[in-house]
Amino acid sequence: MLKAKRLKSMFVLYSACAVMATGFTSQAASEQPEVTTITETKGENTNTHTAVQAISQNIVASAQEMTDASQQVIADNIAKKEEEERLAREKAEQEAKEKAEREAREAYVRANQELLASIIYCEAGNQPYEGQVAVGAVIMNRVKSGSYPNSIEEVIYQSGQFGPAATGWLNRVRSSKGYSQTALQAAVDALNGSNPIGNCLYFDQGGAGMKIGAHYFH
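Going by mature numbering (1 follows the signal peptide of the UniProt record, and there is no 0), the letters in the sequence shown line up with residues -28 to -1, 1 to 190, in that order.
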C-alpha cells in the first residue's frame, strides 16, 4: 500500500515537471527572433542562407563597391594630374625651344647688320646716305647672284674683294662697334631690300656706271 502511494506521488511529480518543461520551451521559442531562410538557385547550384547572412553579405558588397569607386576616383585624379603635368612640361619645352630659335635668329640678323654696317662705314662712311645703302646693295647682289659666296660674311671676306677686310680695318670697326648709326641704318635698309643700283655687282671711284656720291656702280 505504501509502495503504491509512493509510485503515485512520483508519477504526479514527473507529470508536473514535464508540463513545466514544455511551457518553458514554448516560451523560449516564442522569445527567439524570427529567422527567414532564403534559397537562391543559379543553374544547378542551390544556395540556402538566412536573411541575416544576406544582409551581411549586402553590406560587405556595398562597402566593397564604395571602396572600388573611391580607388577609381583616386586613380582618375592621379592620371589627370599626370596628364596635366605632361602637357605643361611639353608646353614649357616648346616655349623654350621657340625662344632659343627666336634668339638665334635675332642674333644672326644682328650679326649681319653689324658686319654690313662695318663694311659700309669703311667703304662709304663719308658718302651720302644713298651711297652707303648702295654699297650694302652691292654686297646683297653678290650674295644672291650665284657667282659669289651665298652669305654676307663670305662675300665680304672673299679674298681680293674689299680692301678694309684685307687690312684688318674692318675687323677693328666690327669688334669695337665703331660704325656710325647712319651706316647701321643703311645696312638695315639694304638687308630689307632697299636697292638704288639695280643689279650692279661692283663699285669704284672712277670709270663708268651709275654715279652716287664719289662712287660709280656697275
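By construction, the Cβ of each residue, glycine as well, lies at the ideal position given by its N, Cα and C atoms. Bear in mind the structure is a predicted one, so any value in this text is a computation, not a measurement.
Cα-Cα separation, residue i to residue j
i	j	result
A186	I169	14 Å
D176	G97	14 Å
K63	K183	55 Å
A51	L59	12 Å
E56	N49	10 Å
V105	A89	10 Å
G181	E102	15 Å
Q99	A155	10 Å
Q25	D40	22 Å
N84	C94	15 Å
Y129	Y120	11 Å
S152	E54	55 Å
A(-1)	T22	Residue placement at A(-1) is flagged as unreliable, the pLDDT there being 45, under the threshold of 50; the coordinate-derived value follows with that caveat. Between A(-1) and T22, the C-alpha separation is close to 20 Å.
E67	V160	28 Å
R61	E37	36 Å
A137	S147	13 Å
V139	R74	The identity of residue 139 in the sequence shown is Thr, whereas the question assumes Val. Each residue's alpha carbon lies about 34 Å from the other.
A72	E78	10 Å
G178	A76	41 Å
DSSP bridge partner residues for residue i (one or two, in chain order)
i	result
K63	BP columns for K63 are empty, so no partner.
K183	Y188
T154	The partner list for T154 (beta bridge, DSSP) is empty, contrary to what the question assumes.
D176	Y188
Closest Cα partner of residue i within the set the options
i	options	result
Y80	G181, H190 and L163	L163
G165	N113, L173 and A60	N113
V145	V32, I111 and L87	L87
Y174	A109, N122 and A138	A109
K149	A68, E65, K69 and R82	R82
N171	W141, V107 and A138	V107
Cβ neighbour criterion (16 or more within 10 Å) applied to residue i
i	result
I92	buried
G135	exposed
E158	According to the sequence displayed, residue 158 carries Ala and not Glu. With 16 or more Cβ atoms within 10 Å of its Cβ, A158 is classed as buried.
T(-4)	With a pLDDT of 47 at T(-4), under the threshold of 50, the modelled position of that residue is not reliable, and the figure given next carries that caveat. By the neighbour-count rule (16 or more Cβ atoms within 10 Å), T(-4) is not buried but exposed.
F189	buried
A33	exposed
I124	buried
I31	exposed
I111	buried
Closer than 8 Å to chain D by CB, residue i
i	result
L87	Of the chains in the structure shown, none is chain D; there is only one protein chain.
Quick one: which unbroken alpha helix (DSSP H) runs of 4-plus residues sit fully inside the region 114 to 141? Chain order, please. 124 to 128 and 135 to 139
Start-end ranges of the alpha helix (DSSP H) lying completely within the region 70 to 109, minimum 4 residues: none
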